[in-house]
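Below is one structure; the comments refer to it alone.
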């Protein structure tokens, strides 16, 4: 049972435009959400997170939006840069749990 | 501050063999989690250790085991390797395991032939 889903395996965006990566979850017990970025042959790197008590969190070019009623979150990257090309994973965690549940990832390609 | 270090980076093993992977967490971090990444299943949680105790375990067979030492370094062991165990094994460290983020190592790429 895939509790965290990233339905777009890939996304291609023009440099300078906005990249929007989406993530859906099914478990209402999740209370913390994270986005990780992964380059080939490297481990995931933490990008940004959001608690379920918020609906938006911003860090530089990265903004995460959380819609609890829809069980949906999205990561916005503005403006997109070539170095943003990577696989992006959405992850969720239940309150009091250490385990992260990951989506399948979305490969983002930024075209010059 | 040094990051999470995993050794070795690459391994090739034969079916039926066993393998041990190592993870050194960030200094001061006492929680170490292990994940398996495969193309078909994505990143799947294996287990988490804190202060030498396994606190949480994912849905993997008993062939997968781990331990943590008093210096927080962790090892995971896979016995009787199967072809399907070929994957990237990642470990992540954090201070308590309940932190807002976990820091990942570069992973160990295991190939079973």
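Protein chains in written order, with the working numbering: chain A, 1097 to 1208; chain B, -4 to 108.
C-beta atoms are modelled at their ideal positions from N, C-alpha and C, and glycine is treated no differently.
Keep in mind the model is a prediction, meaning the values are calculated, not measured.
**Prompt:** Taking C-alpha atoms, which residue in B:5, B:26 and B:84 lies nearest to residue 96 of chain B?
**Reply:** B:26
**Request:** Scan the region 1162 to 1203 of chain A and note each continuous beta strand (DSSP E) run of 3 residues or more that stays entirely inside, going in chain order.
**Result:** 1168 to 1173 and 1182 to 1190
**Asked** With 16 as the cutoff for other CB atoms within 10 Å, does residue 44 of chain B come out buried or exposed?
**Response** buried
**Message:** When you compare the CB of residue 1191 of chain A with every CB in chain B, is at least one pair closer than 7 Å?
**Reply:** no
**Request:** Mind reading off the beta-carbon distance from residue 15 of chain B to residue 72 of chain B? Whole number of angstroms is fine, and I expect it under 8 Å.
**Result:** 5 Å
**Cβ contact (3+ pairs, closer than 8 Å) linking the region 1100 to 1114 of chain A and the region 1165 to 1175 of chain A** = yes
**Item:** Best match in A:1142, A:1184, A:1160 and A:1141 for proximity to residue 1148 of chain A [C-alpha to C-alpha]
**Value:** A:1160
**Message:** Taking a contact to mean a Cβ-Cβ separation below 7 Å, would you say residue 105 of chain B touches residue 12 of chain B in this structure?
**Reply:** no
**Message:** I'd like the span of the beta strand (DSSP E) that includes residue 1150 of chain A, first residue to last.
**Reply:** Note, residue 1150 of chain A: premise wrong, no beta strand (DSSP E); not H, not E.
**Element boundaries [beta strand (DSSP E), containing residue 106 of chain B]** = 103 to 107
**Item:** Cβ-Cβ separation, residue 1130 of chain A to residue 1204 of chain A (assumed contact under 8 Å), whole Å
**Value:** No, residue 1204 of chain A and residue 1130 of chain A are not in contact; Cβ-Cβ is about 17 Å, not under 8 Å.
**Request:** With DSSP as the reference, label residue 78 of chain B as helix, strand or coil.
**Result:** helix
**Item:** Ranges of the beta strand (DSSP E) found wholly within the region 3 to 43 of chain B, counting only runs of at least 3
**Value:** 5 to 8, 14 to 19 and 26 to 33
**Message:** With DSSP as the reference, identify every bridge partner of residue 61 of chain B, one or two as the case may be.
**Reply:** B:71
**Prompt:** For the beta strand (DSSP E) that contains residue 1110 of chain A, what are its first and last residues?
**Reply:** 1106 to 1110
**Item:** residue 1189 of chain A burial status per 10 Å Cβ neighbour count (16 or more: buried)
**Value:** buried
**Prompt:** Quick one: Cα of residue 103 of chain B to Cα of residue 5 of chain B, how far?
**Reply:** 5 Å
**Request:** Measure the beta-carbon distance from residue 51 of chain B to residue 1193 of chain A and round it to whole angstroms, keeping in mind my assumption that it falls under 8 Å.
**Result:** 7 Å
**Item:** Whole-angstrom C-beta distance between residue 82 of chain B and residue -1 of chain B, which should lie under 8 Å
**Value:** That pair is no contact at about 18 Å.
**Asked** Hey, out of A:1186, A:1195 and A:1167, whose CA is closest to residue 89 of chain B's CA?
**Response** A:1195
**Request:** Under 9 Å between beta-carbons, which chain B residues line up against residue 1111 of chain A? List them in chain order, please.
**Result:** Residues of chain B passing the Cβ test: none, with the nearest at roughly 27 Å.
**Message:** Is the beta carbon of residue 1181 of chain A closer than 7 Å to that of residue 1144 of chain A?
**Reply:** no
**Prompt:** residue 1109 of chain A and residue 1198 of chain A look like a contact to me (Cβ under 8 Å); what is the Cβ gap, rounded to whole Å?
**Reply:** The Cβ separation is near 22 Å, so there is no contact.
**Message:** Given this structure, state the Cα-to-Cα distance separating residue 78 of chain B from residue 9 of chain B, to the nearest angstrom.
**Reply:** 8 Å
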